[in-house]
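Residue numbers (our numbering): -7 to 240. The structure appears right after this line, and notes come after that.
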Amino acid sequence: MNEHSVITNYPLYVQIAETFGDRIASGELKPGERLPPERELCQMLHVSRMTLRQALTELEARGLIIRRQGDGTYVAQPKIERNATKLVAFTDAIRQKGYIPAAKILFLEKRFADARIAGDLNIPLAAPLYYYQRLRLANQEPLMLEKCYLPLSRFVGLERFDLENRSVYEILRKEYNVRIDHSRQSLEAVVATEYEAGLLGVPLGAPMILQHRLAFDADGVPIECGEDIYRGDRFVFVTDSAPFSMEE
């Protein structure tokens, strides 16, 4: 292939998906708007139903549309941005985006640290811990499942506080005088298990974003180890980069 060659085998369904993606991004197609029926779209675009369905599947996988059996296809709500480089409490982040945050405690119990958790929190093997799971919501829509370990020795009596209506970080700060200073976080793509799908209202195997988190106090002591499972159709993680430079 020479420098003037042009690739011409660009799949038609990808072109259609990108066109609709651009229309959604520009606001021409608005969140909640119902798309025309498949037969009408096929006629408008002069494509087969198979090609159209491939394009719709592409858009659905990107979280741009929602297909409801027997009801039609709708433009999805815009994804909520989460900063991947800064640790911001879910409650604060969601409120800043204009949503009403809420939480539902699934359970709070005492456990003993296994080798992995003991290593992460720098505590003895079998040291007592608090372990809790919370379902996090925005405008009453379930969006994230939070799983968290805290050393019991440092946060005795945590069960006394209202973890449904208060931020855990706010409780740590006000009730224990412990402030989160920094964290180490990682992200990976996963799919929803049956348990997660049922809680978050998504299909089994739906794309999810798993965030591992280890948080430290100002002295560098690890105080929280957690995993947050975000709906892939409702969140996008962003980073702030340093100025770009390229060596010759």
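Virtual Cβ for every residue (Gly too), placed ideally from N, Cα, C.
If you compare alpha carbons, which of the options is closest to residue i?
{"i": "I86", "options": "R128, L144, P214", "result": "R128"}
{"i": "I201", "options": "G90, V230, E216", "result": "V230"}
{"i": "D63", "options": "Y187, R171, R26", "result": "R26"}
{"i": "P23", "options": "D14, I57, T11, E52", "result": "I57"}
{"i": "A94", "options": "L48, I109, R158, P143", "result": "R158"}
{"i": "Q46", "options": "L4, G90, K71", "result": "L4"}
{"i": "E167", "options": "I115, D154, R74, P116", "result": "D154"}
{"i": "G19", "options": "P70, I8, S40", "result": "P70"}
{"i": "S175", "options": "N131, A81, G13", "result": "A81"}
Here's the rule I'm using: 16 or more other beta-carbon atoms within 10 Å means buried, otherwise exposed. How should residue i be labelled?
{"i": "M42", "result": "exposed"}
{"i": "P28", "result": "exposed"}
{"i": "D220", "result": "buried"}
{"i": "V160", "result": "buried"}
{"i": "G224", "result": "buried"}
{"i": "A17", "result": "exposed"}
{"i": "L117", "result": "exposed"}
Given a cut-off of 8 Å on the beta-carbon distance, is the pair residue i and residue j in contact?
{"i": "A189", "j": "L196", "result": "yes"}
{"i": "P134", "j": "L44", "result": "no"}
{"i": "L37", "j": "V67", "result": "no"}
{"i": "E216", "j": "L137", "result": "no"}
{"i": "P214", "j": "L206", "result": "yes"}
Would you please state the rounded distance, in angstroms, between the beta carbons of residue i and residue j? I believe it to be under 8 Å.
{"i": "E151", "j": "Y123", "result": "With a Cβ gap of about 12 Å, E151 and Y123 do not count as contacting."}
{"i": "V6", "j": "E50", "result": "7 Å"}
{"i": "L98", "j": "L121", "result": "Their Cβ separation, rounded to whole angstroms, is 16 Å, which puts L98 and L121 out of contact at 8 Å."}
{"i": "L48", "j": "R59", "result": "7 Å"}
Nearest chain D C-beta to residue i closer than 8 Å, yes or no?
{"i": "A119", "result": "The structure shown has no chain D; it contains just one protein chain."}
For residue i, which beta-bridge partners are listed by DSSP?
{"i": "Y124", "result": "L100, C140"}
{"i": "N75", "result": "V230"}
{"i": "P214", "result": "F208"}
{"i": "V183", "result": "P199"}
{"i": "G62", "result": "Answer is none; G62 lacks a bridge partner."}
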